[in-house]
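Chemist:
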Amino acid sequence: MSGHETMRARERVVAAINHRQPDRMPIDLGLYTASGISAFAYRNLRRHLGLSTDQIELYEGVQCLARVDEDVLELLHADCILLKPRAARYRIWQPRGDYRFQVPDYYQPQLNEQGEWVVTAGRQRMRMPRDGYFFDGDWIQFEDPWRDDVFPRYVAEAERLFKETDYFTAFKGLYPFFNSNMDYFCDMITDPEPLIEQNRQIVKRELERAARFVRFLAPYVGAVCLSGDLGSQQSPFCHPEHFEPVVLPYLKQVCDFIHQNSDAKVFLHSCGAIEPLLPLLIEAGIDIINPVQISAAGMDAAGLKRKYGDQIVFWGGGANTQQVLGMLPPDVVRDHVRGLVQTFKPGGGYVFCPVHNILGNVQPESILAAYVAAYDASFYEVNT
Numbered sequence: 169m170s171g172h173e174t175m176r177a178r179e180r181v182v183a184a185i186n187h188r189q190p191d192r193m194p195i196d197l198g199l200y201t202a203s204g205i206s207a208f209a210y211r212n213l214r215r216h217l218g219l220s221t222d223q224i225e226l227y228e229g230v231q232c233l234a235r236v237d238e239d240v241l242e243l244l245h246a247d248c249i250l251l252k253p254r255a256a257r258y259r260i261w262q263p264r265g266d267y268r269f270q271v272p273d274y275y276q277p278q279l280n281e282q283g284e285w286v287v288t289a290g291r292q293r294m295r296m297p298r299d300g301y302f303f304d305g306d307w308i309q310f311e312d313p314w315r316d317d318v319f320p321r322y323v324a325e326a327e328r329l330f331k332e333t334d335y336f337t338a339f340k341g342l343y344p345f346f347n348s349n350m351d352y353f354c355d356m357i358t359d360p361e362p363l364i365e366q367n368r369q370i371v372k373r374e375l376e377r378a379a380r381f382v383r384f385l386a387p388y389v390g391a392v393c394l395s396g397d398l399g400s401q402q403s404p405f406c407h408p409e410h411f412e413p414v415v416l417p418y419l420k421q422v423c424d425f426i427h428q429n430s431d432a433k434v435f436l437h438s439c440g441a442i443e444p445l446l447p448l449l450i451e452a453g454i455d456i457i458n459p460v461q462i463s464a465a466g467m468d469a470a471g472l473k474r475k476y477g478d479q480i481v482f483w484g485g486g487a488n489t490q491q492v493l494g495m496l497p498p499d500v501v502r503d504h505v506r507g508l509v510q511t512f513k514p515g516g517g518y519v520f521c522p523v524h525n526i527l528g529n530v531q532p533e534s535i536l537a538a539y540v541a542a543y544d545a546s547f548y549e550v551n552t
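For the sequence shown, position 340 (counting from the first letter as 1) is numbered 508 according to this note's numbering, and the numbering increases by one without interruption.
#1: Rounded to the nearest angstrom, what separates Arg474 and Glu238 at their Cα positions?
#2: Helix, strand or coil: how does DSSP classify Leu226 here?
#3: Given a cut-off of 8 Å on the beta-carbon distance, is the pair Asn458 and Gly484 in contact?
#4: Can you tell me which of the three DSSP states Met356 falls into?
#5: In the DSSP output, which residue or residues are listed as bridge partners for Pro413?
#6: What do you get for Glu376, buried or exposed, if any count of 16 or more other CB atoms within 10 angstroms of its CB means buried?
#7: Nearest by alpha-carbon distance to Tyr352: which of Leu363, Tyr343 and Gly204 is it?
#8: Around the C-beta of Ser220, are 16 or more other C-beta atoms found within 10 angstroms, so that it is buried, or is it exposed?
#9: List the whole-angstrom C-beta distance separating His437 from Gly453, where the pair is believed to meet the contact cut-off of C-beta under 8 Å.
#10: For Tyr274, count the other beta carbons within 10 Å of its own beta carbon; 16 or more makes it buried, fewer makes it exposed. Which is it?
#11: Classify Asn488 as buried or exposed, calling it buried when 16 or more other Cβ atoms lie within 10 Å of its own Cβ.
#12: Name the two residues that bound the continuous beta strand (DSSP E) containing Gln270.
#13: Just the Cα atoms here: how many angstroms apart are Ala545 and Arg192?
#14: On the CB-based measure, 16 or more other CB atoms within 10 Å of its CB, does Trp261 come out buried or exposed?
#15: Please list the terminal residues of the continuous beta strand (DSSP E) segment that includes Ser395.
#16: In terms of alpha-carbon separation, which member of Phe411, Ala386 and Arg502 lies closest to Leu445?
#17: Quick check on the DSSP output: what are the complete alpha helix (DSSP H) runs of length 4 or more inside the segment 313–393, in order along the chain?
#18: Could you tell me which residues DSSP pairs with His504 in its beta bridges?
#19: Rounded to a whole number of angstroms, what is the C-alpha to C-alpha distance between Lys252 and Lys331?
#20: With distances taken Cα to Cα, identify the nearest neighbour of Asn429 among Pro413, Glu409, Gln402 and Val392.
#21: Could you name the residues that DSSP lists as bridge partners for Leu279?
#22: Please name the residue in His504, Glu451 and Phe482 whose C-alpha comes closest to that of Asn186.
#23: So, does the segment 332–342 touch the segment 353–361, judging by three or more C-beta pairs under 8 Å?
#24: Assuming Leu436 is part of the beta strand (DSSP E), what are its boundary residues?
#25: What alpha helix (DSSP H) runs, 4 residues minimum, are completely inside the segment 188–242?
#26: According to the Cβ coordinates, are Gly477 and Cys439 closer than 8 Å?
#27: Using only alpha-carbon positions, find the residue among Asp397, Ala326 and Ala386 that is nearest to Ser348.
#28: Check whether the segment 226–236 and the segment 204–216 touch, using three or more Cβ-Cβ pairs below 8 Å as the test.
#29: Compare the C-alpha of Ala379 against each of Trp314, Thr333 and Thr511 and name the closest.
#30: Can you name the residues that DSSP bridges to Pro292?
#31: Give the range of the beta strand (DSSP E) segment to which Arg264 is assigned.
#32: If you draw a straight line from the alpha carbon of Asp266 to that of Phe435, how long is it in whole angstroms?
#33: Smallest Cα separation from Ile308: which of Pro497, Val286 and Gly528?
#34: Skipping 5 residues on each side, what residues in its chain have a beta carbon closer than 6 Å to that of Met169?
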């Protein structure tokens with residue numbers, strides 16, 4: 169049974185990420201590039217809901233993520249919204265069948281002789297198979313938010329969202345002080361000094377960026393996001409004793425600066441079996457961890473909540489996207505989500521969304537089962 173809402177969306181999220189119990193657990197769909205939904209699945213969801221599919225914007229060109237419109241956010245009781253300025257010009261991309269998406273005009277996939285979509289940018293190249301839902305290959309960054317001609321647009325959009333909506337939003341743009349490739353993690357063991365010296369130089373740039381964030385964006389957004397995977401599904405990519413000297417001092421400098429100069433939280437996206445590294449991430453000043461990959465080794469929901477629930481906010485972990493959300497019937501999805509919500513939500517410190525993005529083959533019925541179950545289980549008991 170649903171309860172009674174007594175807080176606005178942004179107020180609710182702020183309470184939860186400060187480890188206070190809000191009226192209900194906050195819900196996210198699309199705040200971040202790892203808490204979103206494939207444009208293919210989003211088209212199918214809108215059609216299932218009887219909503220127009222004429223203006224679907226594909227805003228992220230590698231994973232092919234959709235900007236979630238406010239009509240869907242309202243229907244799913246979501247409390248968060250994407251911070252991403254609209255492009256100056258759009259074009260229509262029709263990848264196959266009747267899937268039609270609005271894309272920025274600088275995003276121009278080309279169809280090759282094998283029926284694959286290919287995107288190139290300089291020496292970088294990525295491709296989508298004939299019936300695929302996302303691109304493989306190089307992870308092309310189409311737009312740098314720190315560019316002098318781009319950053320002011322983020323500030324303007326953040327101010328607009330703050331003043332015209334009640335949604336919580338966040339800015340993605342800082343560096344986590346590690347590189348998510350195997351050579352980097354091997355160098356942590358065999359030759360760490362060059363990495364340490366590199367981070368000594370990088371931290372100067374990141375502190376300058378953090379200062380820009382604090383001055384121009386922190387009045388309007390609730391978090392700044394960093395991204396870098398630290399684990400496979402079986403284990404972390406590095407041991408804490410190797411992570412600590414290379415990453416911790418520099419990551420902590422940036423987190424400390426943000427905390428000392430704003431109310432914003434630091435949000436880290438890091439996939440995999442990262443539980444052994446959580447104490448160091450907490451020490452560094454990471455406030456929020458995403459996507460909370462509950463199927464990875466050592467990442468069971470109950471254990472994470474019991475051990476770290478009062479020290480870090482879990483943003484995600486609300487539905488297993490690999491083995492459940494796109495694979496099992498809606499009634500199983502519903503029970504699965506309900507159980508995870510009951511594990512994560514006590515006392516605040518939790519924002520619901522699935523583990524990573526909703527993939528293109530997930531049926532609307534399963535998406536709705538997950539979000540309806542999350543909302544119905546989201547309310548806290550009121551002591552009278």
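For glycine and all other residues, C-beta sits at the position ideal for the given N, C-alpha and C.
As the structure is a prediction and not an experimental result, all values here were calculated from the model.
Modeler: In short:
#1: The residue given as residue 474 occupies position 306 in the sequence shown. The residue given as residue 238 occupies position 70 in the sequence shown. Using only the alpha carbons, I get a separation of about 35 Å.
#2: Locating residue 226 in the sequence shown gives position 58, where the first residue counts as 1. Strand, per DSSP.
#3: Numbered from 1 along the sequence shown, position 290 holds the residue referred to as residue 458. Numbered from 1 along the sequence shown, position 316 holds the residue referred to as residue 484. Closer than 8 Å, so yes.
#4: In the sequence shown, counting from the first residue as 1, residue 356 sits at position 188. Three-state result, Met356: helix.
#5: For the purposes of this step, residue 413 is taken as residue 245 along the sequence shown, with counting starting at 1. DSSP output for Pro413 lists no bridge partner at all.
#6: One-based indexing of the sequence shown puts residue 376 at position 208. So Glu376 counts as exposed.
#7: Against the sequence shown, residue 352 aligns to sequence position 184. Out of Leu363, Tyr343 and Gly204, Leu363 has the C-alpha closest to the C-alpha of Tyr352.
#8: Here residue 220 is taken as the residue at index 52 of the sequence shown, counted from 1. For Ser220, the number of other beta carbons within 10 angstroms of its own is below 16, and it is reported as exposed.
#9: Here residue 437 corresponds to residue number 269 of the sequence shown, with the count starting at 1. Here residue 453 corresponds to residue number 285 of the sequence shown, with the count starting at 1. Contact doesn't hold; Cβ gap of about 16 Å is too wide.
#10: In the sequence shown, the residue the question calls residue 274 occupies position 106. In summary, Tyr274 is exposed, with fewer than 16 beta-carbon neighbours lying within 10 Å of its beta-carbon over all protein chains present.
#11: Here the question's residue 488 lines up with position 320 in the sequence shown. Here Asn488 is buried: its Cβ has 16 or more other Cβ atoms, across all protein chains shown, within 10 Å.
#12: Residue numbering aside, residue 270 sits at position 102 when the sequence shown is read from its first letter. Segment Tyr267 to Pro272, the beta strand (DSSP E) holding Gln270.
#13: Residue 545 sits at position 377 when you count from the first residue of the sequence shown. Residue 192 sits at position 24 when you count from the first residue of the sequence shown. One C-alpha to the other measures close to 9 Å.
#14: Position 93 of the sequence shown holds residue 261. The residue in question, Trp261, is buried, as its Cβ has 16 or more Cβ neighbours within 10 Å.
#15: On the sequence shown, residue 395 is found 227 positions in, with the first residue counted as 1. DSSP places Ser395 inside the beta strand (DSSP E), whose first and last residues are Ala391 to Ser395.
#16: Mapped onto the sequence shown, residue 445 falls at position 277. For the options Phe411, Ala386 and Arg502, the alpha carbon positioned closest to that of Leu445 is the one of Phe411.
#17: 319–332, 350–358 and 360–380, all fully within the segment 313–393.
#18: Locating residue 504 in the sequence shown gives position 336, counting from the first residue. According to DSSP, which records beta bridges pairwise, His504 is partnered with nothing at all.
#19: Within the sequence shown, residue 252 is the residue found at index 84, counting from 1. Within the sequence shown, residue 331 is the residue found at index 163, counting from 1. The alpha-carbon of Lys252 is positioned some 16 Å away from that of Lys331.
#20: Working through the sequence shown from its first residue, we reach residue 429 at position 261. Shortest Cα-Cα distance from Asn429 to any of Pro413, Glu409, Gln402 and Val392 involves Val392.
#21: To locate residue 279, count along the sequence shown from 1; it is residue 111. Note: Leu279 is bridge-paired with Trp285 in the DSSP secondary-structure output.
#22: Along the sequence shown, read from residue 1 onward, the residue named residue 186 stands at position 18. Between Asn186 and the set His504, Glu451 and Phe482, the nearest pair of CA atoms involves Phe482.
#23: The segment 332–342 is not in contact with the segment 353–361.
#24: Residue 436 sits at position 268 when you count from the first residue of the sequence shown. Here the beta strand (DSSP E) through Leu436 covers Lys433 to His437.
#25: Along the segment 188–242, the alpha helix (DSSP H) occurs as fully enclosed runs of 4 or more residues at 207–216, listed in sequence order.
#26: As a working mapping, residue 477 is identified with position 309 in the sequence shown. As a working mapping, residue 439 is identified with position 271 in the sequence shown. The Cβ atoms of Gly477 and Cys439 do not sit closer than 8 Å to each other.
#27: Residue 348 sits at position 180 when you count from the first residue of the sequence shown. Checked all of Asp397, Ala326 and Ala386; the closest Cα to Ser348 is Asp397.
#28: Yes: at least three Cβ pairs fall under 8 Å.
#29: Here residue 379 corresponds to residue number 211 of the sequence shown, with the count starting at 1. Distances from the CA of Ala379 to each of Trp314, Thr333 and Thr511 were compared; the closest alpha carbon is that of Trp314.
#30: Here residue 292 refers to the residue found at position 124 of the sequence shown. The sequence given here has Gln at residue 292, not Pro. Beta-bridge pairing links Gln292 to Ala289.
#31: Along the sequence shown, one-based indexing puts residue 264 at 96. Arg264 -> beta strand (DSSP E) spans Tyr258 to Arg264.
#32: Reading the sequence shown from its first residue, position 98 is the one you call residue 266. Reading the sequence shown from its first residue, position 267 is the one you call residue 435. The straight-line gap separating the alpha-carbon atoms of Asp266 and Phe435 is approximately 37 Å.
#33: As a working note, residue 308 is residue 140 in the sequence shown. The alpha carbon of Ile308 has as its nearest neighbour, out of Pro497, Val286 and Gly528, the alpha carbon of Val286.
#34: As a position in the sequence shown, residue 169 is number 1, starting the count at 1. Low per-residue confidence applies at Met169: pLDDT is 49, beneath 50, and the placement is therefore not dependable, though the value from the model is reported in the following sentence. Cβ within range, chain order: n/a, list empty.
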